[in-house]
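Participant:
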Amino acid sequence: PRFPDCLPALGCRNPNGRARAANSYRKRRGLLETLPAGLRPAARRHVSTGRSSLFLPAVGPSNNRSRKQEPGGCLESNIGAGKVLPEGRESREVNSGTKNRMESWPGIPYSVSSNTTDLTIGFISSAVSVVLFGSNFVPVKKFDTGDGMFFQWILCAAIWIVSLIVNLIQNSPKFWPLAMVGGFLWATGNVTVVPVVKTIGLGLGLLIWASFNLLTGWASSRFGWFGIDPEEVRKPVLNYIGATLSVLSCIIFLFIKSEVQNSSPSSESTPLLREQSINSSEYRVENRSDVSWVDNLSPLGKRMVGCFLAMIAGIFYGSSFVPVFYIKDHGRRNGTIYTGASQFDLDYVFAHFSGIFLTSTVYFLLYCAAMKNNPKIYPAAIIPGFISGTLWAIANCCWFIANHYLSAVVSFPIITAGPGFIAAVWGVLVFKEIKGLKNYLLLLVAFCIILAGSLSTAFSKV
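The numbering of the sequence shown is the UniProt record's numbering, which starts it at 1 and goes up by one.
1) By the DSSP assignment, the alpha helix (DSSP H) with Gln152 in it spans what residues?
2) Which same chain residues, not among the five before or five after Thr361, have their C-beta less than 7 Å away from its C-beta?
3) By the three-class DSSP mapping on this structure, what secondary structure does Val349 have?
4) Distance check for Gly318 and Gly301, CA to CA, integer angstroms please.
5) Asp329 lies in the alpha helix (DSSP H); which residues open and close that run?
6) Could you please give the first and the last residue of the uninterrupted alpha helix (DSSP H) stretch that includes Leu300?
7) In terms of residue numbering, what span does the alpha helix (DSSP H) encompassing Ile337 cover?
8) Which residues in the same chain have their Cβ closer than 8 Å to the Cβ of Asn373, if we skip the five residues on either side of it in sequence?
9) Can you name, in chain order, every residue of its own chain whose Cβ lies under 6 Å from the Cβ of Leu238, other than the five neighbours on each side?
10) With a cut-off of 8 Å on the beta carbons, I'd call Ser220 and Ala402 a contact; round off their distance for me.
11) Nearest to Leu429 by CA position, among Ser163, Leu443, Arg333, Gln170, is which residue?
12) Can you grab the Cα-Cα spacing for the pair Phe321 / Ile415, in whole Å?
13) Distance, Cα to Cα, Trp399 vs Pro413?
14) Following the continuous alpha helix (DSSP H) through Trp426, name the residue where it begins and the one where it ends.
15) Less than 7 Å between C-beta atoms, sequence neighbours within five positions excluded: which residues of the same chain meet that for Thr336?
16) For a test of the three-state rule: what should DSSP assign to Lys142, helix, strand or coil?
17) Can you tell me where the alpha helix (DSSP H) holding Asp118 begins and where it ends?
18) Taking Leu455 as part of the alpha helix (DSSP H), name the residues at either end of that continuous run.
19) In angstroms, rounded to a whole number, what distance separates the CA positions of Leu451 and Leu365?
20) State buried or exposed for residue 467, treating a residue as buried only when at least 16 other CB atoms are found within 10 Å of its CB.
21) Please classify Ser388 as buried or exposed, where buried requires at least 16 other C-beta atoms within 10 Å of its C-beta.
22) Using the rule of at least 16 other Cβ atoms within 10 Å of the residue's Cβ for burial, across every protein chain shown, is Arg222 buried or exposed?
23) By how many angstroms is the C-alpha of Val410 removed from the C-alpha of Leu119?
24) Can you list, in chain order, the residues of its chain whose CB lies under 8 Å from that of Leu272, leaving out five sequence neighbours each side?
25) Taking three-plus beta-carbon pairs below 8 Å as touching, is the region 346-360 in contact with the region 167-184?
26) Pick helix, strand or coil for Trp176, following the three-state DSSP scheme.
27) Are the CB atoms of Ile327 and Trp209 within a distance shorter than 7 Å?
28) Less than 6 Å between C-beta atoms, sequence neighbours within five positions excluded: which residues of the same chain meet that for Ala187?
29) For Arg51, collect the residues of the same chain with a Cβ closer than 6 Å to its Cβ; drop the 5 residues on either side in sequence, then sort them by chain order.
30) Report the three-state DSSP secondary structure of Ser221 (helix, strand or coil).
31) What is the C-beta distance between Ile121 and Tyr405, in whole angstroms, given that I count them as a contact (C-beta under 8 Å)?
32) On a Cα-Cα basis, can you pick out the residue from Met311, Phe350, Cys397 that is closest to Leu164?
33) Compute the beta-carbon to beta-carbon distance between Ala158 and Ala393, rounded to the nearest angstrom, for a pair I have assumed lies under 8 Å.
34) Which residues in the same chain as Ser407 place their Cβ atom closer than 6 Å to its Cβ, once the five residues preceding and following it in sequence are excluded?
35) Flag this pair as yes or no: are the beta carbons of Val196 and Ala369 separated by less than 7 Å?
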């Protein structure tokens, strides 16, 4: 619209007010790039995530909370630290005599909950993430990875290289060390896979850690655990239903049996579905010659230790995004060390993945020391492991993007439930591991539950 046509909607009735409104309108037409530098992080947060309020930098005494109507009809507000404008309003800093003040005006509605483009990007990213998470271990399907320690280090090295490329594409955003804690949590949960498999088996272990992963990631975002802001959805009941169905789908996969025929005694080939996890990089465990501390436990002790470690792994997996959310949420507030931090999740990929590689390296060195500098190295798994790590890293980058455009409360149920079905499709169509009418029916039921859960979660946002 022409400027004169839009002025009545801006509430400005005198020439001075119209001039300010026109200037404000031009800046809104330019969206974020034309906003004053001090307000860009706050506005970006508001536009891209659609959370409830817009946080503003402090521009005056903290006890000055008055809001008044200017003679020109434009709303003026002096807002202290940590105060917010009502939903749907934007602001800019204006020089007024000897002090600064904040001028606000009705903003052009633009949020993730109502913007079709943002929702489309979010759901496409979720779909790509599901497909890659369900396929990333296919390259190592026919290769022996031993006890998994060397393989996980190769995989994490590939993950870090992908994050370096992403960091360069993003023009090297500020590195926040706290984001590395998320990588530490993921890598620490990942190394528990070996003792979990040796104590309770991968079928039960995967069910436990996948369920705790989903519930921890979803609940921490939905209810604001660990110091982060709670995520809101338009239809909470649908969101709860979607999360519940996603957990139920994990239970269904426990009853799907894989049949594998080994081509030779030295060539180990294990079921892709039963060994598949979106978080676990430990693909196979050699039980024939490996002896560890868990082998000395009693049957009851093994079950208790295995279940406990699987729960810890799931909680760590589900909490790995929390440091990034914490930085973003506190970046919208004044008086914190994170004030002004980027609100785009992909800007934290390099720090997060650096934490993964650093932690993985430390654990691998400890493993080498425990093995008296004689670790079990499997050269044939290097290139497949690198490809697997690359696919995993791309999938996780898509998860970061989905978190940004959909919020974690929507992305977690979708992305944690879908990969199991993709892995099952590989097992049916390519590796011929899943056979029999019973397995096919269970797979169909699991697909319907995943689809219903994903749709419920998706519609809870729109």
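C-beta: ideal position from N, C-alpha, C; glycine also.
Facilitator: This is what the structure gives:
1) 149-169
2) Trp153
3) helix
4) 26 Å
5) 322-331
6) 299-319
7) Run containing Ile337: none; DSSP gives neither H nor E here.
8) none
9) Ser456, Phe459, Ser460
10) Incorrect: roughly 16 Å between the Cβ atoms, too far for contact.
11) Leu443
12) 14 Å
13) 12 Å
14) 408-429
15) His330
16) coil
17) 116-135
18) 437-459
19) 42 Å
20) The structure shown does not extend to residue 467, since the chain is modelled only from 1 to 462, so the question has no answer here.
21) buried
22) buried
23) 11 Å
24) Residue placement at Leu272 is poorly supported in this model, since its pLDDT is 44, which falls under 50; the coordinates still yield a value, given next. Counting only Cβ-Cβ distances below 8 Å, and skipping sequence neighbours, we find Phe137, Val138, Lys141, Ser258, Ala423, Trp426, Gly427, Phe431, Glu433.
25) yes
26) coil
27) no
28) Ile356, Thr359, Ser360
29) Bear in mind that the predicted position of Arg51 carries a pLDDT of just 42, short of 50, making it unreliable; the figure below should be weighed with that in mind. Hits under 6 Å: none found.
30) helix
31) 5 Å
32) Phe350
33) 7 Å
34) Glu231
35) no
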